[in-house]
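Structure first, then comments.
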Ligand SMILES: Nc1ncnc2c1ncn2[C@@H]1O[C@H](COP(=O)(O)OP(=O)(O)OP(=O)(O)O)[C@@H](O)[C@H]1O
Ligand SMILES: [Mg+2]
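In our numbering, the protein residues as written are 1 to 313.
What follows is the structure, encoded as structure tokens:
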């Protein structure tokens, strides 16, 4: 009897994207915003797409999630989410989006409805996730409090009654992460989740994402234009330019040995803290490579936000 070749069983990636292409139909003609990109994410991995403005990062993420208008965006290629092919069957996305796959939107200031309390928006997410019924107010409240605790929002009962304008940018981003977690997702898609935040608050949010990943083995697709953010949290990086990946690899390899001028320029754009920065929470730049981004000050007050005069736009 001939022995069969020994192959190590490989876990199927949670997200597998092959030859993915997005053409946008605009007044000025058809734009190929995403041109044949391929990548995959396993559970517990963070994969980052980095690139300059207009390179196609958001279109890639929105296309995968099927959040682009059907009549204006033509998708091709294959996107498998937990084995479900969402490109072949547009309805298939409903089985995964907001369930095993959740989006953390870019701008916390505009992503929430200003006329509904934080609590009612969180309750809605919990209802959609099927974690508690609309009638069971006690269960909704308990789950909402638990979710806010998980994202380290202090006095959650009090915060649930507040409206978005009553919370700081860092706190709102935590609320958005709590909303994304309502469905116990296995993959978070985060489109520039910290770019609207002050750098110190940003560190706290990135720490939170890493902590959630460690505790729950969530996969993360991170979209950023900031190689400083990418190097902190990524296992692998894909560098995007004009709709295509110009290089891909392990984070260390891309940061230490960038293969293209384009990536070198992105690296050169990473700010380095100089001696004039006297913010107590600021860590030396050299320490940041090991996930030691300056921790946020107490999120109860988001004091780092006020200390450094964060902009909210
Ligand atoms: N609604 C739209 N109408 C016309 N063109 C669009 C539209 N949305 C995106 N594009 C074009 O698609 C390309 C990719 O844009 P996309 O928003 O994906 O870039 P991005 O990498 O996310 O940029 P940013 O870092 O600024 O968010 C760009 O050339 C952009 O001009
Ligand atoms: Mg974008």
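Glycine included, each C-beta is placed from N, C-alpha and C at the ideal position.
In the segment 89-174, which residue ranges form an unbroken beta strand (DSSP E) of at least 3 residues, counting only runs that do not cross its ends?
Given a length threshold of 3 residues, each whole run of the beta strand (DSSP E) inside the segment 89-174 is given here in chain order: 101-104.
From 68, 242, 250 and 87, residue whose alpha carbon lies closest to that of residue 54: Of 68, 242, 250 and 87, the residue nearest in Cα terms is 242.
Continuous alpha helix (DSSP H) stretch holding residue 58: start and end | Annotation: the continuous alpha helix (DSSP H) that includes residue 58 extends over 57-64.
Endpoints, alpha helix (DSSP H) assigned at residue 268: Element bounds for residue 268: 261-268.
- Query: For the 8 Å Cβ check, are there 3 or more pairs between the segment 13-22 and the segment 32-51?
  - Reply: Taking a cut-off of 8 Å on C-beta distances, the segment 13-22 touches the segment 32-51, as three or more cross pairs fall below it.
Do residue 244 and ligand 2 come close, with the Cβ less than 6 Å from some heavy atom? Flag unset: Cβ of residue 244 not near ligand 2.
Report yes if the C-beta of residue 225 is less than 6 Å from at least one heavy atom of ligand 1; otherwise report no. For ligand 1, at least one heavy atom lies less than 6 Å from the Cβ of residue 225.
Same chain, Cβ closer than 6 Å to residue 238, neighbours up to 5 away in sequence not counted: So the list reads 39, 49, 245 and 248, once near-sequence residues are dropped.
Look at residue 96 and residue 84 and say whether their C-beta atoms are less than 7 Å apart. Yes; because the gap between Cβ atoms is below 7 Å, this pair is in contact.
Whole-angstrom distance between residue 20 and residue 210, CA atom to CA atom
Distance between residue 210 and residue 20, taken at the CA atoms: about 28 Å.
> From residue 172 to residue 194, what does the alpha carbon distance come to, in whole angstroms?
Replying inline: Spanning the two alpha carbons is a distance of roughly 11 Å.
What is the DSSP secondary structure of residue 18, counted as helix, strand or coil?
Residue 18: strand per DSSP, three-state reduction.
field: Alpha carbon of residue 220 to alpha carbon of residue 137, nearest angstrom
entry: When rounded, the distance between both Cα atoms is 31 Å.
**Asked** Within the chosen definition, does the segment 185-205 reach the segment 87-102 through at least 3 CB pairs nearer than 8 Å?
**Response** Judged by Cβ distances under 8 Å, the segment 185-205 makes contact with the segment 87-102, as three or more pairs qualify.
inquiry  = Could you check if residue 195 belongs to the surroundings of ligand 4, using beta carbon to heavy atom distance under 6 Å?
reply    = Ligands displayed in this structure: ligand 1 and ligand 2; ligand 4 is not among them.
*asked:* Going by DSSP, what residue range makes up the alpha helix (DSSP H) through residue 218?
replied: Per DSSP, residue 218 lies in no alpha helix (DSSP H) segment and is marked neither H nor E.
query: Which residues in the same chain as residue 127 place their Cβ atom closer than 8 Å to its Cβ, once the five residues preceding and following it in sequence are excluded?
result: Annotation for residue 127: 133, 134 and 140 place their beta carbon closer than 8 Å to its own, counting only its chain and skipping 5 residues before and after.
- Query: So, residue 177 versus residue 46, is the Cβ gap smaller than 7 Å?
  - Reply: Contact: no.
message: Just to confirm my understanding: we take residue 280, look at its own chain, exclude 5 residues before and 5 after, and list those with CB closer than 6 Å. What are they?
response: Per-residue confidence for residue 280 stands at a pLDDT of 47, beneath the threshold of 50, marking its modelled position as unreliable; no derived number is given.
Legend entry - residue 55 beta carbon near ligand 2 (any heavy atom closer than 6 Å): Checking every heavy atom of ligand 2 against the Cβ of residue 55, none is found closer than 6 Å.
Where the beta strand (DSSP E) through residue 72 begins and ends:
Secondary structure note for residue 72: it is in no beta strand (DSSP E), with a DSSP letter that is neither H nor E.
Check your understanding: Roughly how many whole angstroms lie between the Cα atoms of residue 169 and residue 196?
Key -> So the alpha carbons of these two residues sit roughly 8 Å apart.
- Query: So, residue 227 versus residue 267, is the Cβ gap smaller than 7 Å?
  - Reply: It is a contact, given that the beta carbons lie within the stated cut-off.
- Task: Give the single residue among 11, 198 and 30 whose Cα lies nearest to the Cα of residue 71.
- Result: The shortest Cα separation from residue 71 among 11, 198 and 30 belongs to 30.
* Taking 6 Å as the cut-off, does the CB of residue 268 come closer than this to any heavy atom belonging to ligand 1? -> Here the distance from the Cβ of residue 268 to the nearest heavy atom of ligand 1 is not below 6 Å.
When burial is assigned at 16 or more other CB atoms within 10 Å of the CB, is residue 114 buried or exposed?
Using a 10 angstroms sphere on the CB of residue 114, the tally of other CB atoms stays under 16, which defines it as exposed.
| request: Determine the direct distance from the alpha carbon of residue 117 to that of residue 165, and round the result to whole angstroms. | output: Taking the straight line from one Cα to the other gives about 10 Å.
Coarse secondary structure for residue 232, derived from DSSP in three states = Residue state for residue 232 is assigned as helix, using DSSP reduced to three classes.
What are the residues that DSSP puts in a beta bridge with residue 238?
-> Residue 238 pairs with 49 and 248.
Exercise for the section: Return yes when at least one heavy atom of ligand 1 lies under 6 Å from the C-beta of residue 58, else no. Expected result: Relative to ligand 1, the nearest heavy atom lies less than 6 Å away from the CB of residue 58.
Contact belief for residue 60 with residue 34 at Cβ below 8 Å, rounded distance in angstroms: Sure, about 5 Å apart at Cβ, within 8 Å.
- [ ] In angstroms with no decimal places, state the Cα-to-Cα distance between residue 23 and residue 259.
- [x] Going from the Cα of residue 23 to the Cα of residue 259 covers about 28 Å.
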